[in-house]
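Below: one structure, written as structure tokens.
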Amino acid sequence: MSEKFRSLCLFLFLFANSLHAQKSTGYQLPPMPVKEPEQVGFISDPSGFPEVKMDFPMAKGPFQPTWESIDKNYPGEPTWWRDAKFGIFIHWGPQAAGKSGDWYARRLYEPGQEAYKNHLKAFGHPGEFGYKDVLHQWNPSQWDPAKLVQAYYDAGFRYALVVGVHHDNYDLWNSKYQPWNSANIGPEIDFLSRWKTEFKKHNMRFGVAFHHEYSWWWYQTAFGSDSTAGPKPGVPYDGNLTLADGKGKWWQGLDPRRLYTIPLKYNTVDSNGKPFKIYHIAHGYKGIFGNHLNYAKWYATQWAMRIEDVIDNYDPDFIYTDGNSTQPFSGAKSGSGYKCDAGARVVAHFYNKALGRKNKPFDKVSIIKFLPTNRGAGRTFEGSYPKDIKTDQLWMADMAVGDWFYEPGFHYDAGAVVHALLEHVSRNGNLTLCVSLTPEGALDNGSAAMLKDIGDWMKINGEGIYGSHAWKKFGEGEVIDSGKAPKIRILPGGKIGKRHADFKFSTKDFRFTLGKNGAVYAYCLAVPKPGEEVTIQSLGSNTLNKKVRSVTLLGSDGKLRWEQLKDGLKIVYPANTQGKIAVGFKVVME
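Going left to right, the sequence shown walks through residues -21 to -1, 1 to 569 as mature numbering (1 follows the signal peptide of the UniProt record, and there is no 0) numbers them.
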């Protein structure tokens, strides 16, 4: 195909897409602004910046664009969310092409980073072959959604969270408000549509994750150039290109600013009196990018319209927004670019749309990373655990095996994942697990074997996981005396790897759940030896004040020897069992 003919096709596609967007939503995104107000510098205290009330369209209904309204009007956690309990986080896209783990699209522009070195070897200098070109050549030739979803289901996952757009600002659907998308550039596939088709075959609920709130400061490295640390000092990276530079190129008609955003320039200091650096935003700084208020409002608008595009056309069961703040566009940390009600407005639109469906119950969930307690929107614990049982808000944990995007050399261990799952469900949460796909869109051998082992464990022990609640306490076990208040040992947080696999529990360590059938499930985090007597102190008659009627070992038809005494429930672990990783006891009381 000639470049001229390709350019014509691209123009027609963008024109038709624009018309379709206007027809289907009645809303046309305004052009990216070029004129800004007078330079006001970095507004270090967001409390002095009034929250902007946005005016992009939203569905009518009882939910108003405030977190108070969302809390007040939400009818409660849908049954499917608790029934599912264990989900797959399909955290995948063209950034996997770098084989450099997370944040590849940013770090390929940072000399000294492993991603930069890998990019030089695989693609060349980022001034000549940048991330836009990675998108163009990305070819996930091994991506087979039917095969993958079958593997996920067999592993015990009952819902999926799919990344719709990551910080790289590239939409993985036929996006109406972002021309840099997977249906238009690269593989020319509407991934969301294909994923959803396969999930429905297995009755798996699906959510879409949106990570593009802070792309406009995250991408600032693309506007730089090599220092003396790089092979071409002073040569600018491709983020500096303009729409006009695309003439005669494969990307003719595509504005790089819609991908890389705009350079943010300040001659100012931060709130500590030091030279202001954009990157510090994500690490505790508060403030507003005061030099770019017009662009900030436009960006918040298109951020929201891209989410509404998915809500309106793909009908996800839940949505997730990523950031290191208390809410999108809060004015603090990763939300420092602007302070507005865009986040609450999107959630209100999502819920009002669901309420407007005929003959369908309301069953939607919104997850906002780190959102304070709110009945109507859940929060996350990324790589960490609540200190204790948390019942005041719907929540999920999100953890990655190895890293959030693919890199060779991850340590795979089903036991580490199972222990992480038990840490979370015992505290009343769900676990949404990232198992990174290769650049080609497949599970590598380590991931595939790990998922099979997890599935084998879930087939035996899922009875106390699916649909469960937290019991009176989340667990008991060996105590750590760290000089502060003694506490039981728990699995380390962070990304799951070798240190999690090497972490040793003993047969004194238990996690509890309350099943849908009213039974208590006590999971021993280590497999006892045949004939070994284990004691569950929390189920003793002195502690429990209830009589145990029966005790069975999940996955075994044999009769157990057990006795409830004052100091605990004593169980003799039988011989000839196939217990692996952790074993579950079903305890029924009178």
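Cβ atoms here follow ideal geometry from the backbone N, Cα and C, with glycine treated the same way.
| query | Quick one, are the C-beta atoms of Arg540 and Val527 less than 8 Å apart? | reply | no
| query | So, using beta-carbon positions, are Gly476 and Tyr299 closer together than 8 Å? | reply | Between Gly476 and Tyr299, the CB-CB gap reaches or exceeds 8 Å.
| task | Out of Trp196, Val513, Gly316, state which residue places its alpha-carbon closest to the alpha-carbon of Val31. | result | Ranking the options by Cα distance to Val31, first place goes to Gly316.
| Going by the CB atoms, is the gap between Leu8 and Thr280 shorter than 8 Å? | yes
| request: Closer than 8 Å by C-beta to Leu544: which residues in its own chain qualify, once you throw out the five before and the five after it? Chain order, please. | output: Gly519, Ser520
| query | Using the beta-carbon count (16 or more within 10 Å), is Asn182 buried or exposed? | reply | exposed
| query | Among the residues of its own chain, which have a CB less than 6 Å from the CB of Tyr364, if the five just before and after it don't count? | reply | Glu402
| query | Looking at C-alpha atoms only, which residue of Pro10, Leu151, Gly106 is the closest neighbour of Thr209? | reply | Residue identity differs from the one stated: residue 209 is Gly in this sequence, not Thr. Gly209 has its Cα closest to that of Gly106, out of Pro10, Leu151, Gly106.
| query | Which runs of the alpha helix (DSSP H), 4 residues or longer, sit entirely within the region 213 to 248? | reply | 236 to 239
| Where Lys318 and Asn407 are concerned, what is the direct C-alpha to C-alpha distance, given to the nearest angstrom? | Rounded to whole angstroms, the gap between the alpha carbons of Lys318 and Asn407 is 32 Å.
| query | What's the gap between the Cα of Phe35 and the Cα of Lys155? | reply | 15 Å
| said: Please report the distance separating the alpha-carbon of Lys211 from that of Asp205. | reply: 6 Å
| Of the listed residues Gly5, Ala379, Thr45, nearest to Val326 (C-alpha basis) | Thr45
| query | What is the DSSP secondary structure of Val396, counted as helix, strand or coil? | reply | helix
| field | Whether Pro73 touches Leu114 by CB criterion (8 Å) | value | yes
| message | Just verifying my parser: in three-state terms, what is the DSSP assignment at Leu470? | response | Assigned with DSSP and collapsed to three states, Leu470 falls in coil, not helix or strand.
| said: Can you look up Val19 in the DSSP assignment and give me helix, strand or coil? | reply: coil
| query | Taking residue 578 as the reference, which of Thr531, Gly510, Gly381, Ala480 has the closest Cα? | reply | Coverage of the chain is limited to positions -21 through 569, which leaves residue 578 absent and any answer about it impossible.
| field | CB of Asp488 within 8 Å of CB of Glu457, strictly | value | yes
| request: Any chance you could list the alpha helix (DSSP H) runs of at least 4 consecutive residues sitting entirely within the region 325 to 384, in chain order? | output: none
| message | Just verifying my parser: in three-state terms, what is the DSSP assignment at Phe108? | response | It is coil, neither helix nor strand.
| request: Please name the residue, chosen from Gly446, Glu419, Thr207, Ile22, that lies closest to Gly91 on a Cα-to-Cα basis. | output: Thr207
| Collapsed DSSP secondary structure at Lys549 in the structure displayed | strand
| field | Nearest-angstrom Cβ-Cβ length linking Leu410 and Leu422, presumed shorter than 8 Å | value | Not really, about 19 Å apart at Cβ, beyond 8 Å.
| query | Are there 16 or more other CB atoms within 10 angstroms of the CB of Pro16, so buried, or fewer, so exposed? | reply | exposed
| task | Use the C-beta contact count for Val214: other C-beta atoms within 10 angstroms, 16 or more gives buried, fewer gives exposed. | result | Result: exposed.
| Member of Lys180, Val380, Lys96, Ser345 whose CA lies at the smallest distance from the CA of Lys126 | Lys180
| field | Environment of Arg343 [buried if 16+ CB atoms lie within 10 Å] | value | According to the sequence shown, residue 343 is Lys rather than Arg. Buried, because 16 or more other Cβ atoms sit within 10 Å of the Cβ of Lys343.
| said: Can you tell me whether Gln306 is buried or exposed? The criterion is at least 16 other CB atoms within 10 Å of its CB, across all chains shown. | reply: buried
| request: May I ask you to report which of helix, strand or coil DSSP gives Phe189? | output: strand
| Reference Trp174; option with closest CA among Asn270, His70, Lys96 | His70
| Tyr385 beta carbon less than 8 Å from that of Ser415 | yes
| message | So, at 8 Å on beta carbons, what are the nonlocal neighbours of Leu243 in its own chain, with the 5 sequence-adjacent residues on each side left out? | response | Trp195, Trp196, Gln199, Ile257, Phe268, Asn270, His271
| query | Span of the beta strand (DSSP E) holding Ser529? | reply | Counted as a single uninterrupted DSSP element, the beta strand (DSSP E) harbouring Ser529 occupies residues 527 to 532.
| query | How far does the alpha helix (DSSP H) with Gly425 in it reach, from first residue to last? | reply | 424 to 440
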